[in-house]
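In our numbering, the protein residues as written are 50 to 429.
C-beta: ideal position from N, C-alpha, C; glycine also.
The block underneath contains the structure these notes are about, expressed in structure tokens.
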Ligand SMILES: Cc1ncc(COP(=O)(O)O)c(C=O)c1O
């Protein structure tokens, strides 16, 4: 079946006991034994598994082309589970402009358990290869990076990873499986903040880990049920409902993203727009090769923190908020919000300046989004 059909139907078969087209929310923590040691449908306790989680995991695995998927209470819980596949002394190469929460997890928490991390410009295959050590067990790519919109070549990195026996993990949050399929390009594991496009309605947090190798899947499921980080029934229901419209949302997000990017690119108050859909983006050709569309995430440089503050204080339709990937347009200041946990000096080096603004273009009427940005830009 096609992507849109799978998004609507996989894991969403009508409820066999009532015929309900939408499966119920199994809001229960425990499951009765029919007789000693015998459960009705294999479920015993909601931390371990429950029908809403299983349904969502089947759907996400199918959409990403994985062998299996596990869903977590947040993107960070899923990413944490992936790093727990490693052992003390193992080394990971990570995209340098990675989401701030991943940087914090790695440098402030996981290093205490003996893992080692190098933050590298993974858009350069030479820099990536040079960062590999005998102890490197994992490469962790975010492409495009948040918020600098730098791409890494997934297929080329997969070839390098396979040649060196290293696991390649790709964070596919910014594009969703509708616009990019890292597993088809050779990655071994995909992670998502489902809080973003997969759910799409800014009303639940969630994370997903999609796997291609049974040995990884077994370990991830062990971590999920042992640590109790699996996604709860209500949140699984919400994300499952959101995913049903992923295809149409991503089509409209890309149309709106492109229109807003072109408009901002021509605006005299904006110094630079970072958007892979623009021919001026240094990796526009790579975007055309490995993405099915440009998406709706972009950032732009206003030159100073004052200019950014003036814009952000005057938007009306766009919401000044953390997060991204919802139907509503969200605008943010990465240096003080999503990426505040990255030290200022490193932020400057990787392009997260005080004048950089990030936009998650929603699917409102695009003329309204542009009009709101235009009126707010007049305050600069
Ligand atoms: C690219 C990316 N990956 C992972 C995460 C973490 O996801 P969550 O906030 O659901 O824990 C985020 C959050 O903003 C993100 O932007």
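- Counting other Cβ atoms within 10 Å of its Cβ, residue 50 stays below 16 and is therefore classed as exposed.
- Burial is judged here by how many other beta carbons sit within 10 angstroms of a residue's own beta carbon; residue 94 has fewer than 16 and is exposed.
- With the rule of 3 Cβ pairs closer than 8 Å, the stretch 251-271 counts as touching the stretch 130-141.
- Contact annotation: residue 61 and residue 104 have beta-carbon atoms nearer than 8 Å.
- Exclusion of the five residues before and after residue 426 leaves 316, 318 and 360 as the residues of its chain whose Cβ lies within less than 7 Å of its Cβ.
- Going by C-alpha positions, residue 350 is about 28 Å away from residue 227.
- As summarised for the stretch 339-377, the continuous beta strand (DSSP E) elements at least 3 residues long and confined to that stretch are 346-350, given in chain order.
- Two segments are said to touch when three or more pairs of C-beta atoms, one from each, lie closer than 8 Å; by this definition the stretch 155-167 does not touch the stretch 281-299.
- Listed in chain order, the non-local C-beta contacts of residue 135 below 8 Å within the same chain comprise 141, 164, 186 and 187, local neighbours out to five positions each way being set aside.
- A distance criterion of 7 Å places the beta-carbon of residue 54 beyond contact range of ligand 1, judged by its closest non-hydrogen atom.
- For residue 409, the enclosing beta strand (DSSP E) stretches over residues 405-409.
- Judged by DSSP secondary structure, residue 267 falls within the alpha helix (DSSP H) whose first and last residues are 263-276.
- Rounded to whole angstroms, the gap between the alpha carbons of residue 120 and residue 97 is 12 Å.
- Rounded to whole angstroms, residue 157 and residue 148 show a C-alpha spacing of 14 Å.
- If you compare the alpha carbons of 423, 322 and 190 with that of residue 238, the shortest gap goes to 190.
- The DSSP-derived three-state label of residue 52 is helix.
- Excluding five sequence positions before and after residue 116, the CB atoms of its chain that fall closer than 8 Å to its own CB belong to 110, 260, 261, 262, 263 and 266, given in chain order.
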